[in-house]
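In what follows, a structure is listed as C-alpha cells, so that the remarks can point back to it.
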Amino acid sequence: MPNVPLSVSLSSITLPAALCHAALSHPQVVAYIDGERTFSFAKTEATSRRLASALLASGLQRGDRIAVLSHNQIEWLQLFFAATRIGVAVVALSARYRDSEIEYMLADSQSKAVFTIGDADDFDCLAMFARMRDRLPSLQRVVAIDSKEFVSMIATGDDAARLEAAAAEVQPDDLAMVIYTSGTTGRPKGCALSHDSLLASAAAQATHTRTQAGDLVQLANPFNHVGGITCGILAQLLVGGTCELVASFKAKTVLEMIRRHPPQLLVGVPTMMTLLLMHPDSAATDLRSVRIVITGGSNVDGTLLTQLQRRMPGATIMNLYGLSEASGAIVMTPWECPDDDLMQSIGKPLKGAELRVVDATGDELPAGEIGELHFRGLGVVRDYIGAAAGSNAFEGGWLRTGDLGLVDARGFITLKGRMKDMYIQGGFNVYPAEVEALIATHPAVVMVAGIGVADKVLGEVGRYYVVAREGSGLSAADVLAHCAGKIADYKMPRQVVLRDALPLTPAGKIQKAALRSEAA
-9 MPNVPLSVSL SSITLPAALC HAALSHPQVV AYIDGERTFS FAKTEATSRR
41 LASALLASGL QRGDRIAVLS HNQIEWLQLF FAATRIGVAV VALSARYRDS
91 EIEYMLADSQ SKAVFTIGDA DDFDCLAMFA RMRDRLPSLQ RVVAIDSKEF
141 VSMIATGDDA ARLEAAAAEV QPDDLAMVIY TSGTTGRPKG CALSHDSLLA
191 SAAAQATHTR TQAGDLVQLA NPFNHVGGIT CGILAQLLVG GTCELVASFK
241 AKTVLEMIRR HPPQLLVGVP TMMTLLLMHP DSAATDLRSV RIVITGGSNV
291 DGTLLTQLQR RMPGATIMNL YGLSEASGAI VMTPWECPDD DLMQSIGKPL
341 KGAELRVVDA TGDELPAGEI GELHFRGLGV VRDYIGAAAG SNAFEGGWLR
391 TGDLGLVDAR GFITLKGRMK DMYIQGGFNV YPAEVEALIA THPAVVMVAG
441 IGVADKVLGE VGRYYVVARE GSGLSAADVL AHCAGKIADY KMPRQVVLRD
491 ALPLTPAGKI QKAALRSEAA
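Sequential numbering from -9 applies to the sequence shown in this note's numbering.
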C-alpha cells in the first residue's frame, strides 16, 4: 500500500494492510519483544501469511470466527493478523475467564476454532474446552498454541494465489474482532469491532499523543481488551513503535523490563500505575526516558496523577477514556492542559468524535449539567453480535455509554461514574466517583470503590470499600474523618469496609458488579 500519512483517513484499508505498511516503512524497528524473542513487523507479517494459509486450508473462510485465549504473547498477534487477513474475526478471551463465561461466549459468537494456551496459572485450559466441546456444535477444533500442531501451521508455506484471492475479498468494514464486555450485570455483550473502527481509534490516539517510530512501551493491558489491542498494539503499529509484551501484570516484572528496555511511553490502568509506584523497586528504577504517561479506564484519580507528576516531572501526563464499543480511546487530555483540568477531567473528545450529554428522556443537556454521555463517529462500532445484536445502545449512530458526566463550556468532560452506580441517599442523588476521589486523597488509601446499598431509613446509603497501604493502620473512622466537612452531608459515606484487595475485571478495573452481588 502507499505510504499514507497518519493524518489521512484509514477507513479504506484493512489491518493486514496496515501491518504490511509498517513492515515496508519501518524495516529496522523491533516491533515486538516477547521475553528473549524479538520480532520485526516484516517477520510478523510473514508468519501471519503462513498462518492465514493454514487457516484457509483448515476450511475457515471470510465471515467465520475463531477464539483466542492466551496471555499477551506473540502467538496471539500472529493469529490476529492471520485471521483478519482472510476475513476471519478473532473472539478475544481472557485467561481469567472460566467455564460458564467462555462457553457462553463461544456459543454466542459461533466460534469454529479455539487457539489456547495449555495452562493458565495452574488452570488446565485444554481440559476446560474438552468439558464443554460436546455442547458447542459450531466448535470444530481446539489447538494449543504451544503445541507441535501450531508450530507446524506456522512452518507451512503459504499458498500465495489462494491467500491473495481470499485477502482481496476482505473489506475495511468487515468484522475483525469481538470483545465481550466485562464487569456488568447480566450476560456479556459481544462488541463487533471492524477493521476500520479499530484503525480509526488507533490513528486518532497515535496522532494526538505524537508518538514516533521506535517509541517503546511495556504493554500489560490485555489483548482481549481495547486497552491492549487498540491503545497499545495498533496505535504503535501505525507509527512504527515497539511493544514489549507483558504476559501478566506484576509490578516487579514490569520494573525489571523498564530497567532493561527504558520506555518512552508508560501506559496502564490506574491500578497498574499505583502498584508500580508502590513497589519497593520503584524508587531505584530510572524513568527519565518516559516522555508520555497515559492512564485511564476508570475515574480520574488526582492523587495518582500528582504522584506520577512528581515521579516523572519531565513527562506529559494524560488521562484516557475509552470503551470496547468505541474500539479504543475516544477522549484524552489535551496537550498543555492546566493541572486543575488534568486532575478533575478526563479531557476532550479526540478528533473525529462527536459528543452530547442527555437526560433520562433523551433530551440534550446544556453545558454544566450532569447526564449520560453519548458518542458518535471515530471508532464507535455499529452493533453487537449474537444475542445482543440490535441493541438500542447505538440508536441513530450514537453510543449510549451508560456513563454520567458533565461538559463545561470549554468542552472538558468531568466523569461522574456509571449510571447504575448512582444511588439516592435520603432523597439526594450521590455519584460515588466524587466521594471515591476524595477518599483516594488520603495518603494511606491505595484503592477505593463505592456502591449504594439498601437502608430501611434512607432508602440507600453509600458503602465504600477501601484498600489501605500496608502497615498504615488506617481505620474506618479515619476515612470518615477525612471526608467530614469536605463534601455535603448527604454525600458522606455511611459505611466503610476495609479490605486487603478488591475484585478486578480482566482489564484491571475495579469490578463493582461483584461488590454489588456480595452486598445483595
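C-beta: ideal position from N, C-alpha, C; glycine also. Since this is a predicted model, take the numbers as computed values, not measurements.
Please work out which residues of its chain come closer than 8 Å, Cβ to Cβ, to Ile477, disregarding the five sequence neighbours upstream and downstream, and give them in chain order. So the qualifying residues of the chain are Glu424, Val425 and Leu428.
What do you reckon, are the CB atoms on Leu368 and Ile307 nearer than 7 Å? Contact flag unset, no.
For the candidate residues Arg278, Ser99 and Glu246, whose alpha-carbon lies nearest to that of Asp271? Glu246 is the residue among Arg278, Ser99 and Glu246 whose C-alpha sits nearest the C-alpha of Asp271.
Beta-carbon contacts of Leu492 that lie in its chain and below 7 Å, excluding the five residues immediately before and after: Annotation for Leu492: Met437, Ala439, Tyr455, Val457 and Ile500 place their beta carbon closer than 7 Å to its own, counting only its chain and skipping 5 residues before and after.
Compute every distance between the C-beta of Thr351 and the non-hydrogen atoms of the ligand SAH, then say whether any falls below 6 Å. No copy of the ligand SAH occurs in the structure displayed, which carries no ligand at all.
Tell me, to the nearest whole angstrom, how far the beta carbon of Met262 is from that of Val283; I am working on the premise that it is less than 8 Å. Contact flag wrong, Cβ pair sits at about 11 Å.
Can you give me the C-alpha to C-alpha distance between Lys410 and Glu508, rounded to a whole angstrom? Roughly 16 Å separates the two Cα atoms.
Would you call the stretch 98 to 112 and the stretch 60 to 77 touching, i.e. three or more CB-CB distances under 8 Å? At 8 Å Cβ cutoff, the stretches touch.
Assign Lys406 to one of three DSSP states: helix, strand, or coil. Three-state DSSP puts Lys406 in a strand.
Whole-angstrom Cβ separation of Val280 and Leu256, contact assumed at under 8 Å? Correct: roughly 5 Å between the Cβ atoms.
Start-to-end residues for the beta strand (DSSP E) that takes in Ser184: Segment Gly180 to Ser184, the beta strand (DSSP E) holding Ser184.
Is Lys138 helix, strand or coil when you go by DSSP? Residue state, collapsed to three classes: helix.
Ignoring anything shorter than 3 residues or poking outside the stretch 471 to 507, list the beta strand (DSSP E) runs there in chain order. The qualifying runs are 485 to 489.
With distances taken from CA atoms, which of Ala210, Ser381 and Leu69 is nearest Val259? Of the candidates Ala210, Ser381 and Leu69, the one whose C-alpha sits nearest the C-alpha of Val259 is Ala210.
Mapping the DSSP letters down to three states, classify Thr174 as helix, strand or coil. In this predicted model, Thr174 has a pLDDT of only 41, less than 50, meaning its place in the structure is not dependable enough to derive any value.
Alpha carbons only, please: which of Leu267, Tyr421, Pro328 and Leu389 is nearest the one belonging to Arg300? For the options Leu267, Tyr421, Pro328 and Leu389, the alpha carbon positioned closest to that of Arg300 is the one of Leu267.
Inter-residue spacing [alpha-carbon to alpha-carbon] between Ala21 and Leu227: When rounded, the separation of the alpha-carbon atoms in Ala21 and Leu227 is 8 Å.
Unbroken alpha helix (DSSP H) run spanning Arg40, endpoints: Run containing Arg40: Phe31 to Ala47, per the alpha helix (DSSP H) assignment.
When His61, Ser187 and Ala190 are compared against Phe239, the one with the closest alpha-carbon: For the residues His61, Ser187 and Ala190, the minimum Cα distance to Phe239 belongs to His61.
Measuring CB to CB, does Asp373 end up less than 7 Å from Phe365? In this structure, Phe365 does not lie closer than 7 Å to Asp373 by Cβ.
Per DSSP, what kind of secondary structure is Cys10 in: helix, strand or coil? In this structure, DSSP gives Cys10 a helical state, which the three-state scheme calls helix.
Which parts of the stretch 311 to 381 are runs of the beta strand (DSSP E), unbroken and 3 residues or longer, counting only runs that do not cross its ends? Here the runs fully enclosed are 318 to 322, 343 to 348 and 361 to 367.
Shortest alpha-carbon distance to Lys341 belongs to which of Thr199, His269 and Ala305? Minimum Cα distance to Lys341 is reached at Thr199.
For Arg390, name the three-state secondary structure that DSSP assigns. DSSP places Arg390 in strand when its eight states are reduced to three.
In whole angstroms, give me the CA-to-CA distance for Glu344 and Gly231. Distance from the CA of Glu344 to the CA of Gly231, rounded to the nearest whole angstrom, comes to 28 Å.
Compare the beta carbon distance of Ser317 and Leu183 with 7 Å and say whether it is the shorter of the two. Yes.
Using three-state DSSP, classify Ala150 as helix, strand or coil. Ala150 falls in the helix class under three-state DSSP.
Measure from the alpha carbon of Pro17 to the alpha carbon of each residue in Thr34, Arg131, Thr4 and Ile3, then state which is nearest. Comparing alpha carbon positions, the residue from Thr34, Arg131, Thr4 and Ile3 closest to Pro17 is Thr34.
Neighbourhood of Val348 by C-beta distance below 7 Å, restricted to the same chain and skipping five residues each side: Here Val348 has Glu354, Leu355, Gly361, Glu362 and His364 as same chain residues with Cβ atoms under 7 Å from its own Cβ, once five neighbours each way along the sequence are excluded.
Return helix, strand or coil for Thr197, following the three-state DSSP convention. Note: Thr197 maps to helix in three-state DSSP.
For Ala13, the nearest candidate out of Gly25, Arg27, Thr28 and Ala36 (CA to CA): The option with the nearest alpha carbon to Ala13 is Ala36.
Rounded C-beta distance between Leu41 and Ala72? I'm assuming under 8 Å. Confirmed, about 3 Å.
Taking 7 Å as the threshold (beta carbon to beta carbon), is Gly77 in contact with chain D? Checking the listed chains, one finds no chain D in this structure; it contains a single protein chain.
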